[in-house]
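Taking it in order: structure first as structure tokens, then the write-up.
Number of protein chains: 2
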Amino acid sequence: MEINQPESVALTQRQRAILKLVVQEYVATGRPVGSKTLTERYAIGVSSATIRNEMADLEGAGFLQQQHTSGGRIPTDRGYRYYVHRLMGAPELSSGDQIMIRHQFRQVEFQLDQWVEFAASVLAETAGNVSIVSAPRTLVARMRHFELIALQPRLALLILVTQETAVRQMMVHLPEDTEQAELSRLADSLVAETRGLSADEIERQVIGATELARYVVEQITVGLRGLNSVERTQIRHSGIENILGQPEFAGEEAQSVLDLLRGGSLLSAVLPQLSAGTDVQVFIGDENPTDALRRFGVVMATYGINGEVTGILGVLGPTRMSYWRSISSVRYMARLMSDLMEDLYSS
Amino acid sequence: MEINQPESVALTQRQRAILKLVVQEYVATGRPVGSKTLTERYAIGVSSATIRNEMADLEGAGFLQQQHTSGGRIPTDRGYRYYVHRLMGAPELSSGDQIMIRHQFRQVEFQLDQWVEFAASVLAETAGNVSIVSAPRTLVARMRHFELIALQPRLALLILVTQETAVRQMMVHLPEDTEQAELSRLADSLVAETRGLSADEIERQVIGATELARYVVEQITVGLRGLNSVERTQIRHSGIENILGQPEFAGEEAQSVLDLLRGGSLLSAVLPQLSAGTDVQVFIGDENPTDALRRFGVVMATYGINGEVTGILGVLGPTRMSYWRSISSVRYMARLMSDLMEDLYSS
DNA sequence: CGTTAGCACTCTCTCGTGCAGAGTGCTAAC
DNA sequence: GTTAGCACTCTGCACGAGAGAGTGCTAACG
């Protein structure tokens, strides 16, 4: 995966082993881990006193921290990062999980518009965290068809269908009272003229004969552009319950999580850092751009077809989360979604 | 509003006053209320001892209950019910709130598909609870237009647009390899044939000439029917944070709320009891059909145009919630949504 | 006869205390 | 370099005392 901050400090073999154990133990139990528990639970060749010395070194180097003078140690953000980049090993979902997920997707194959939601819930389940999935969006939307439906004398519903199978409906105010029959005539002729064109091309090539026609053309370009805009991208999330159960988000913290998810503000926070096409990217604690995410770990990836259609997906959890599970899940889901897009659009 | 269970027991004027105060005080503070607090905080003409006697009577009659031998009293479900039906007064949103809400809706007028979501968030806000809003659905969907888009040799995307401006997209497996050109030809002729017809009418009148045509016609009827089915109705909710902050749902209870909201299982629980067209309906505690709702109060209403298009909306909160606020909010939102539907469809 | 003052009682909540458990740093010995 | 031992610190939990709030009952009052 993406190495965000290469860790250049040299640790001894034993220090790395201890750091690894501390991370794993803390992720598993949620309680600070001390030298004694380590020697008791794992067969390390050395005594607790030695571990203590090593831990003190690790703390000095910024990989571990103590919350209280005598309460065991927990990893710092830096410690997690080192673990993820150097110690964790290659995350790969078990083939059992892979098969199960693929199987589930086979079953909902017929409802394209439910894929995003479904992906979110599967991802939340397998990663054991909150998941976020954006709908795939095409870089350039091209007109396939549109309908104009008269609602009131000066109000109509415009339904756009693009080549890329996206659908959008929007209400448009009309400059003058117009009958359905006239709207239909106009739509018929304009559909023929605009078919297969992008917003830019329509703007250049298609000039409406009447005021009404010009207005509709303008609305169409607005609608097509809107389909590409980040703001309109549909975002689904799932699995809040996974995070709410955890002790670190018992009371007020729950609020901040919900605030993050609402209105997709999370996406806009993370998006700037995401580079398309690369592998899974991990942001741990203070690596995150916004303060609100300071206590979280974020694992994100993009999916889609190179240069044509892209979406993002990922999970959000406490910094104390199983990065292995999250990364492997996100990576697999991104591959799966990319495959699905490929199947759909590469004809 | 709908009187679910007429309360026939006669209470004295003073008992009713006391019950009203207990409910209001408990709703406001969340702590059991005792006789002394009542005399201290409100100017009742009698002493705490008298209140105690009356409270004992109210407890005997099943309107109040004690959690612990000496910890003040809280209303029973029956107490809440009596309060809502007899003591509360007519709930009507302040005209300031009304204007504010209407104003907000003016601003999003152009995104029909966002109304439901928007209504949910406004309702959650004004009622201070979790809100649920279903998309309006028409009783009988009539075909306006459809598109067939070839994705793979034997897989196509079917996009349905109904007279009622609903849009649905679904993937269909084709019985044989088919080119886009052929699909377009087929769609053109079938659109002309099916325009304005319901699923039933299409089934009766339209007979496809080829196997492919017959298959497409069948899928169209399935799609049209699906638009009416309760299961596919889009449900939006909002405002979980309102309920999560409250003490009664601190830890594990939060889970049950989330479970309820997920997958719309809440709707199917409440729906059977809802009768369309009537005013706001209130279900308090044990009036609810499912055990999961036993600790909640539910305030629901239907909206729409008589016999043509209907949806439901409502709020969900702890039994200790402000019924006045919830009922007035739900009632107003139902009226507002009905007006909006009227504006849209009655042309 | 309804109302009220007074009293004994109960229960919760909070705060301090004390103690077990876990962990640490340091020193001295191996 | 590693380990055993020790004194020390801090958390968490149980326990008990006391304040606060509320109750039911009884006896007195108009």
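Just so you know, the protein sequences line up as chains A and B, in that order.
All residue numbers for the first sequence refer to this note's numbering, where the first residue is 602 and numbers rise by one.
All residue numbers for the second sequence refer to this note's numbering, where the first residue is 602 and numbers rise by one.
Just so it is clear, CB atoms sit at the ideal spot from N, CA and C, and this is done for glycine as well.
As the structure is a computational prediction, the values presented were derived from the model and not from experiment.
Quiz prompt | Spatial distance of valine 685 of chain A from threonine 834 of chain A (CA atoms) | solution = 31 angstroms
Exercise. Name, please, each residue of chain B whose Cβ falls closer than 7 angstroms to the Cβ of isoleucine 841 of chain A.
Key: Leu859
Quiz item: Between arginine 936 of chain A and chain B, is there a C-beta pair that is closer than 8 angstroms?
Solution: no
Quiz item: Going along the chain, which residues of its own chain have a beta-carbon closer than 8 angstroms to the beta-carbon of glutamine 820 of chain B, five neighbours each way excluded?
Solution: Leu759, Met771 and Val773
Quiz prompt | Simplified DSSP state of leucine 687 of chain B, which is helix, strand or coil | solution = It is arginine, not leucine, that sits at residue 687 of chain B in the sequence shown. Residue state, collapsed to three classes: helix.
Quiz item: Would arginine 653 of chain B count as contacting chain A if we go by Cβ distances under 8 angstroms?
Solution: no
Quiz item: Using 8 angstroms as the limit for Cβ to Cβ distance, is leucine 758 of chain A near chain B?
Solution: yes
Exercise. Output yes or no for whether 8 angstroms exceeds the beta carbon distance between leucine 791 of chain B and alanine 757 of chain B.
Key: no
Exercise. Tell me whether lysine 664 of chain B sits in a helix, a strand or coil according to DSSP, three-state version.
Key: Checking the sequence shown, residue 664 of chain B turns out to be phenylalanine, not lysine. Coil at phenylalanine 664 of chain B, not helix or strand.
Quiz item: Should valine 731 of chain A be flagged as near chain B, meaning a C-beta pair shorter than 8 angstroms?
Solution: no
Practice problem: Grab the span of the beta strand (DSSP E) containing threonine 911 of chain A for me, first residue to last. | Solution: 910-919
Quiz prompt | CB contact flag (threonine 903 of chain B, alanine 870 of chain B, <8 angstroms) | solution = no
Quiz item: If you count every other CB in all the chains shown that lies within 10 Å of the CB of isoleucine 700 of chain B, and 16 or more means buried, which is it?
Solution: exposed
Practice problem: For the beta strand (DSSP E) holding isoleucine 645 of chain A, just list the boundary residues, first then last. | Solution: Taken as a continuous stretch (DSSP letters only), isoleucine 645 of chain A belongs to no beta strand (DSSP E), as it is neither H nor E.
Quiz item: CB isoleucine 841 of chain A to CB leucine 861 of chain B, shorter than 8 angstroms?
Solution: no
Quiz item: Going by alpha carbons, who is nearest to alanine 657 of chain A out of A:Tyr643, A:Glu626, A:Arg632 and A:Ile619?
Solution: A:Ile619
Exercise. Keeping to the same chain, check which residues put their C-beta closer than 7 angstroms to that of glutamine 847 of chain B; ignore five residues upstream and five downstream.
Key: Pro919
Practice problem: Report yes if the C-beta distance between phenylalanine 706 of chain A and leucine 945 of chain A is below 8 angstroms; otherwise report no. | Solution: no
Quiz item: What residue does the beta strand (DSSP E) around serine 695 of chain B start on, and which one ends it?
Solution: Element bounds for serine 695 of chain B: n/a, residue is neither H nor E.
Quiz item: Can you check whether the CB of tyrosine 643 of chain B is closer than 8 angstroms to the CB of phenylalanine 664 of chain B?
Solution: no
Quiz item: Under a CB-based cut-off of 8 angstroms, is glutamine 856 of chain A close to chain B?
Solution: yes
Quiz item: Are the C-beta atoms of aspartate 940 of chain A and some chain B residue less than 8 angstroms apart?
Solution: no
Quiz item: Does arginine 896 of chain A have its Cβ less than 8 angstroms from a Cβ in chain B?
Solution: no
Exercise. Identify whether alanine 839 of chain A lies in helix, strand or coil by the three-state DSSP scheme.
Key: Sequence inspection shows serine at residue 839 of chain A; the alanine mentioned does not correspond to that position. Strand, per DSSP.
Self-check item: chain A contact residues for histidine 746 of chain B, given Cβ-Cβ distances below 7 angstroms
Solution: Glu748
Quiz prompt | Sufficient close CB pairs (3 or more, under 8 angstroms) joining the region 737-756 of chain B to the region 798-812 of chain B | solution = yes
Self-check item: Minimum length 3: unbroken beta strand (DSSP E) runs contained in the region 759-817 of chain B
Solution: 768-774
Quiz item: Is the CB of threonine 766 of chain A under 8 angstroms away from at least one CB in chain B?
Solution: yes
Practice problem: On a CA-only basis, which of A:Ala691, A:Ser732 and A:Glu802 is nearest glycine 898 of chain A? Give me that one, please. | Solution: A:Ser732
Quiz item: chain A partners of valine 900 of chain B, CB-CB under 8 angstroms?
Solution: By Cβ distance, chain A contributes nothing, its closest Cβ being about 22 angstroms from valine 900 of chain B, past 8 angstroms.
Quiz item: Listing by chain order, which chain A residues have their CB less than 8 angstroms from the CB of valine 881 of chain B?
Solution: Residues of chain A passing the Cβ test: none, with the nearest at roughly 27 angstroms.
Quiz item: How about glycine 846 of chain B: is its C-beta nearer than 8 angstroms to some C-beta of chain A?
Solution: yes
Self-check item: Same chain, Cβ closer than 7 angstroms to alanine 736 of chain A, five either side skipped, listed in chain order
Solution: Val717, Thr834, Gln835 and Gly912
Quiz item: Can you tell me whether DSSP reads histidine 746 of chain B as helix, strand or coil?
Solution: strand
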